[in-house]
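Here the structure is laid out as C-alpha cells; the discussion comes afterwards.
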Amino acid sequence: MLNIRYASAGLTAVVIGYTGSVIIIIQAAMAAGATTEQITSWLLALGIAMGVTSIGFSLRYKIPVLMAWSTPGAAMLIGVVDQYDLTVSIGAFVMTGLMIALTGCFKPVSRMIQSIPQPMATAMLAAIVLPFCMNAFLPAESDFRIFVVMLAAFLLAKRWLPKYVMILLLLAGLGIALWDGVFAAKSLKLTLATPVLVYPEFTLSGFINISIPLYLVTMLSQNLPGMAMLRSYNYSLPLPQILIGSGVTNAMLAPIGGFSVNLAAISAAACMNEDVDADPSLRYRSTIWAGLFYLLAGVWATAVVTLFLALPEAIGQMMAGFAVLGTLLMCLQNAFNDARYHEAALITFLVTVSGVTLFGIGSTLWGLVVGGLFYLNKKKH
Numbered sequence: 001m002l003n004i005r006y007a008s009a010g011l012t013a014v015v016i017g018y019t020g021s022v023i024i025i026i027q028a029a030m031a032a033g034a035t036t037e038q039i040t041s042w043l044l045a046l047g048i049a050m051g052v053t054s055i056g057f058s059l060r061y062k063i064p065v066l067m068a069w070s071t072p073g074a075a076m077l078i079g080v081v082d083q084y085d086l087t088v089s090i091g092a093f094v095m096t097g098l099m100i101a102l103t104g105c106f107k108p109v110s111r112m113i114q115s116i117p118q119p120m121a122t123a124m125l126a127a128i129v130l131p132f133c134m135n136a137f138l139p140a141e142s143d144f145r146i147f148v149v150m151l152a153a154f155l156l157a158k159r160w161l162p163k164y165v166m167i168l169l170l171l172a173g174l175g176i177a178l179w180d181g182v183f184a185a186k187s188l189k190l191t192l193a194t195p196v197l198v199y200p201e202f203t204l205s206g207f208i209n210i211s212i213p214l215y216l217v218t219m220l221s222q223n224l225p226g227m228a229m230l231r232s233y234n235y236s237l238p239l240p241q242i243l244i245g246s247g248v249t250n251a252m253l254a255p256i257g258g259f260s261v262n263l264a265a266i267s268a269a270a271c272m273n274e275d276v277d278a279d280p281s282l283r284y285r286s287t288i289w290a291g292l293f294y295l296l297a298g299v300w301a302t303a304v305v306t307l308f309l310a311l312p313e314a315i316g317q318m319m320a321g322f323a324v325l326g327t328l329l330m331c332l333q334n335a336f337n338d339a340r341y342h343e344a345a346l347i348t349f350l351v352t353v354s355g356v357t358l359f360g361i362g363s364t365l366w367g368l369v370v371g372g373l374f375y376l377n378k379k380k381h
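As C-alpha cells, then:
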C-alpha cells in the first residue's frame, strides 16, 4: 500500500476529476439556490460518498473501482433545478439514489437502460453540455482580457501539456484575476467543511424532471462507460452490488448535498494501466489512495468552494465550457457514427437542446421520447 506509484495514480485520478468539473458542481448547487455553506456541504457529501465507496468496493472486490460524481448530471441539473425549491431538489436526489439501487436489484430494469440506443443517449448528453461550451466564449464580449489569457492558456496547454489542461487553466485564471485585482482574496477560507442538512421534499414534478433525467444521465454517461472501462482492462465487475451500494450511499447523503455517486469513466484509467503496477491484481491499491484523497478533498471543501467563488464569473464560465469540450466532441461523434440512427439522434439532440417543457416534463426526457418514436417509426418503414 505504501508505494508512491499507488498514491500518485490515486492523486492523479482525483485531480483530473476535480479540476475538470468542480466548477460545474458549484454552479449546479448555486442554481439550486444553495448558500455558500450549503455548497460546501455538497462537496463534503460528495467527497465522503466517493471516498467511502472507492475504498469499500476496492477492498471488497480487490479490483480498482474508482467512484466519481456525475459531471453530465450536474450539467443537466443547472438547467432544471432553478425551477424548484432546494428541498424539492434534495428529495429528487434521494429518489435518484433509490432508483439506482433498485436497478442493481432488478435485472430487467438494468437491461431496459442498456437497450436505449447509444447514438440517442449520446445525442442527449451532447445537448446537455452544448450550452456550457457555447458560454465559454461569451467573455469575449464582457471580459476580453480574461478571455484572451484563458484561451491562450487553453491552446498552449492542449499543445504542450494536454494532461494538465484544467490545472493550467485554473492557474492562468487565478493569475489574470490577481493581476487585474478582481480576485476576492478576502473571501477565502481554510476552515474544515461542515454538513448542512436540508430536509427533502418529495414531489411528482421533481421526480419526473430531476430524478428520472439525473438517473438516466448517470447510468448512461457514468455507470455504463465506467463498467466498460473496467472490462477493457479485463476486470470482472459485480455491477449489481456496485449499483446497490452507490445508490444507497447516494440516497443517504443526498440531504447534505450528495446528488450522485457513480463509477468513474475517463479518470479511472489513471488507476488501471501498467504504470500503476505490472500486476493487475494489485492495482486496486491506487483506488484506495484515491478514496483517501477524496475524503481529504471533502473535508477541505470550504477552501475549494471559496477559491472558485473568489474568481470572476468569466473564468468559471470558460473553465466549465473547456472542461466538457472533449465530452461534447465524443458525444457528437458517437451520436452520428451509425447511419441507422442519424435522424433519430438529430431529433433527440434538437428537442433536448431546445429546453422545451410540455405537460410538466422537461426537454431531457422529451428528447429521448421523441427521438425514440422517430426511430421506431422509421424502422417500421
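Using full-length UniProt numbering, read the sequence shown as starting at 1 and increasing by one per residue.
Using N, Cα and C, we set each Cβ at its ideal position, and we do this for glycine too.
Computed from a prediction, not measured in an experiment: that's the story for all the values here.
Which residue's Cα is closest to the Cα of residue 149: 315, 359, 372? 315
Let me know if residue 143 comes out buried or exposed under the rule of 16 or more other beta-carbons within 10 Å of its beta-carbon. buried
Based on the DSSP output, what are the partners of residue 67 in its beta bridges? 263
Tell me which residue opens and which closes the alpha helix (DSSP H) that residue 271 is part of. Note, residue 271: premise wrong, no alpha helix (DSSP H); not H, not E.
Counted within 10 angstroms of its Cβ, other Cβ atoms place residue 69 as buried (16 or more) or exposed: buried
Alpha carbon of residue 441 to alpha carbon of residue 2, nearest angstrom: Any answer about residue 441 is impossible in this case: the structure gives the chain only from 1 up to 381.
For the stretch 32 to 88, list the alpha helix (DSSP H) runs that are entirely contained and at least 4 residues long, ordered along the chain. 36 to 61, 71 to 78
List the whole-angstrom C-beta distance separating residue 10 from residue 293, where the pair is believed to meet the contact cut-off of C-beta under 8 Å. 6 Å
Cα-Cα separation, residue 349 to residue 81: 21 Å
Should the stretch 117 to 126 be called in touch with the stretch 366 to 375, which here means at least 3 C-beta pairs below 8 Å? Contact between the stretch 117 to 126 and the stretch 366 to 375 is present: 3 or more CB-CB pairs across the two stretches fall below 8 Å.
Hey, quick one: how far does the alpha helix (DSSP H) through residue 322 stretch, first residue to last? 313 to 323
Output needed for residue 360: all residues of its chain with C-beta closer than 6 Å, excluding positions within five of it in sequence on either side, in chain order. 205
For residue 384, which beta-bridge partners are listed by DSSP? Outside the displayed span of the chain (1 to 381) sits residue 384, for which this structure offers no information.
Minimum C-alpha distance to residue 93 - residue among 226, 28, 58, 303: Residue 93 has its Cα closest to that of 28, out of 226, 28, 58, 303.
Work out the CA separation of residue 45 and residue 253 for me, nearest whole Å. 6 Å
Alpha carbon to alpha carbon, how far is residue 153 from residue 309? Residue 153 and residue 309 have their C-alpha atoms spaced approximately 21 Å apart.
With a floor of 3 residues, list each beta strand (DSSP E) that falls wholly inside the stretch 135 to 221, ordered by position along the chain. none
If residue 298 sits next to residue 97, beta carbons under 8 Å apart, how far is it from one beta carbon to the other, in whole angstroms? Actually they are not in contact, since the Cβ atoms of residue 298 and residue 97 sit about 17 Å apart, beyond 8 Å.
Can you find at least 3 beta carbon pairs, one from the stretch 261 to 270 and one from the stretch 59 to 74, that sit closer than 8 Å? yes
Enumerate in chain order the residues of its own chain whose CB-to-CB distance from residue 328 is below 7 Å, with the five nearest sequence positions on each side excluded. 126, 129, 130, 133
Which residue marks the beginning of the alpha helix (DSSP H) containing residue 296, and which one marks its end? Per DSSP, the continuous alpha helix (DSSP H) segment holding residue 296 begins and ends at 284 to 299.
Using a Cβ-Cβ cut-off of 7 Å (strictly less than) and excluding sequence neighbours within five positions of residue 90, which residues of its own chain qualify? 198, 200, 254, 255
Can the beta-carbon of residue 86 be found less than 7 Å from the beta-carbon of residue 7? Between residue 86 and residue 7, the gap from beta carbon to beta carbon reaches 7 Å or more.
How is the alpha helix (DSSP H) around residue 111 delimited, first residue to last? 107 to 114
For residue 192, which residues of its own chain have a beta-carbon under 8 Å away from its beta-carbon, when the five flanking residues on both sides are left out? 299, 300, 302
Give a yes or no on contact between the stretch 335 to 343 and the stretch 161 to 175, applying the rule of three or more CB pairs nearer than 8 Å. no
Can you have a look at residue 281 and say buried or exposed, based on whether 16 or more other CB atoms are within 10 angstroms of its CB? exposed
Within 7 Å, strictly: CB atoms of residue 47 and residue 295: yes
With a CB to CB cut of under 6 Å and the five nearest residues on each side skipped, what residues in its chain are close to residue 214? 73, 96
Between 345, 351, 271, which lies nearest to residue 378 when the distance is taken from Cα to Cα? Closest by alpha carbon: 345.
Can you list, in chain order, the residues of its chain whose CB lies under 6 Å from that of residue 217, leaving out five sequence neighbours each side? 72, 73, 76
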